[in-house]
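Per this note's numbering, the sequence shown starts with residue 943, numbered consecutively.
Every residue, glycine too, gets a C-beta built ideally from N, C-alpha and C.
Owing to the predicted nature of the structure, the values given are computational and were not obtained by experimental measurement.
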Amino acid sequence: MLISKDSEETAILSLALQRAGMAVTTSTDLERAMASWPERPADLVVVALPQPEPLAQIQRVRSETSTALVLVTDALTEDRHVALLDAGADLVVVRPYSARLLIAQVRTLLRRIGGVPAFSLPVLSLLGLTLDPATRTVRVTGRPPQRLTHLEFRLLYTLMIHRDQVLPTETIVGRVWGYSGEGNRELVRGLISRLRSKVEPDPRSPTYILTVAGIGYSFRSEET
């Protein structure tokens, strides 16, 4: 998915990505693109929007997906470049850039972070909660199934395969978003809240996803 307001840059990047064998969908609006993400997910997001809020752009993408993220930006300091990578960008490309080099970097990125397809993961069932990776749905006994976003699925799957273990917030960010987790407690807290609203009988008094104060979260798999 390519998100850009500049028609010339959109044309150049689209052509380069297509020549590299990628199917490209485009959007001029980040919010609209993320709102449609559950119905139109992609293996790569390229954000080439005007400044001055690249951090907010990264945070919006990462609130919805952990897919590979490339940020195209204007000149910036080394500290700013590092901050964008720490915030969740997998690759930061500074204008002016070589489309050929960008494609080579994208190929390397996709090879590096390529994961196991969800359809090959086993169904998990614990304490009346069933998670189906193939359909990215969760069902709790006595309630209709709920479809999860990409991040919600990754979070719940991570917690369930490490059931009854306390996962530090930093570990969760690394497993779910795929980057260093320092300073992202609010990001995790927000995702936990959204997930609880879909799986917990009473999100205010959780049965499955427990908070361990000062450390992180745990999935409880046994009756108490």
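Original post:
By how many angstroms is the C-alpha of glutamine 1001 removed from the C-alpha of glutamate 1109?
Top reply: The question names glutamate, but residue 1109 in the sequence shown is leucine. If I take the Cα positions, the gap works out to 22 Å.
**OP:** Tell me whether threonine 1166 sits in a helix, a strand or coil according to DSSP, three-state version.
**Re:** Confidence at threonine 1166 is low in this model, with a pLDDT of 49, below 50, so its placement is unreliable and no value can be given for it.
Original post:
By how many angstroms is the C-alpha of leucine 959 removed from the C-alpha of alanine 965?
Top reply: 8 Å
Original post:
Should valine 1012 and leucine 991 be called a contact, given that it needs their Cβ atoms to be closer than 8 Å?
Top reply: no
Original post:
Rounded to whole angstroms, how far is the Cβ of leucine 1133 from the Cβ of leucine 1093, which I believe are closer than 8 Å?
Top reply: 6 Å
**OP:** Quick one: measure Cβ to Cβ for arginine 1096 and serine 1008, integer angstroms, because I've assumed they're closer than 8 Å.
**Re:** 6 Å
Subject >> Exposure label - tyrosine 1151; buried when at least 16 CB within 10 Å >> reply: Here residue 1151 turns out to be isoleucine, not tyrosine, going by the sequence shown. Flag for isoleucine 1151 reads buried.
Original post:
Is alanine 977 buried or exposed, if buried means 16 or more other CB atoms sit within 10 Å of its CB?
Top reply: exposed
Subject >> Cβ-based neighbour list, glutamine 1088, same chain, cut-off 6 Å, excluding 5 preceding and 5 following >> reply: Val1080, Lys1140
**OP:** Return the residue from the list Glu981, Ala953, Ile1045 that minimises the CA-CA distance to threonine 970.
**Re:** Ala953
Original post:
In whole angstroms, what separates the C-alpha of leucine 944 from that of arginine 1049?
Top reply: 15 Å
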